[in-house]
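Asker: Let me begin by handing over the structure; questions about it come next.
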Ligand code: SF4
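In the numbering used here, the protein residues as written are 6 to 223.
Put into structure tokens, the structure is as follows:
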């Protein structure tokens, strides 16, 4: 694990990525009632499972201010969290729905919405200190579940590990260390609309990864 140089949460108006700041501001000008900022993680610091997504979707988390809330990717993620006992309450795609995560936290590798859901390498690197700090802030952490290759690779780098030694794949599982303790690193294809519409990721495939996560925190 690298030296922690940031807080676990970025300021909402984080200025560090000029392209993302410009995009945020352009969306803000069109949609002033949306959140339009660095989206904070969702969950409590006693989480044993940390889910690392890619970045806020423009009409999802960037609009509502809660990760995976307000667009398709969240529908599958929150239904699966519920099925495996990682949430309480009813997900209604609204940060005021009263949903609570139990033993889990959701964050993103990149905290601000990127154009076309595609952050560039410099932005992923710039945001990584927040991910490092987020991981370091979870004393009970046992499992990290990465959604997609960008998340997987950035998490490996946050843990001070070499990407080439831990290749990404759907359902990959590695035993690594975080915060000086053993942690299971699971990865899945991202639960995006594209991946589910094309059949690259089915609900059954997604649930199989969560079944592993449930086993690893038990
Ligand atoms: S993506 Fe991360 S580092 Fe870049 S502006 Fe947003 S919060 Fe800051």
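Each residue gets a CB set at the ideal place from its N, CA and C atoms; glycine is no exception.
#1: Does at least one heavy atom of ligand 1 sit under 8 Å from the Cβ of residue 63?
#2: Does chain D have any CB closer than 9 Å to the CB of residue 179?
#3: Nearest to residue 108 by CA position, among 85, 48, 137, is which residue?
#4: Among all the DSSP beta bridges, which residues are the ones paired with residue 146?
#5: Nearest to residue 77 by alpha carbon, out of 140, 98, 160?
#6: Between 34, 200, 137, which has its C-alpha nearest residue 153's C-alpha?
#7: Flag this pair as yes or no: are the beta carbons of residue 192 and residue 206 separated by less than 9 Å?
#8: Would DSSP call residue 19 helix, strand or coil?
#9: I'd like to check one pair, residue 115 with residue 25: are the Cβ atoms closer than 9 Å?
#10: Counting only the same chain and skipping the five closest in sequence on each side, list residues whose C-beta sits under 7 Å from that of residue 43.
#11: Taking 8 Å as the cut-off, is the CB of residue 131 close to at least one heavy atom of ligand 1?
#12: Name the DSSP beta bridge partners of residue 180, please?
#13: Note down the Cα distance separating residue 198 from residue 85, rounded to an integer number of angstroms.
Answerer: Checking against the coordinates, here is how it stands:
#1: no
#2: Included in the structure is just one protein chain, with no chain D present.
#3: 48
#4: Per DSSP, none; premise fails for residue 146.
#5: 98
#6: 200
#7: no
#8: coil
#9: yes
#10: 15, 16, 17, 19, 116, 117
#11: yes
#12: 189
#13: 15 Å
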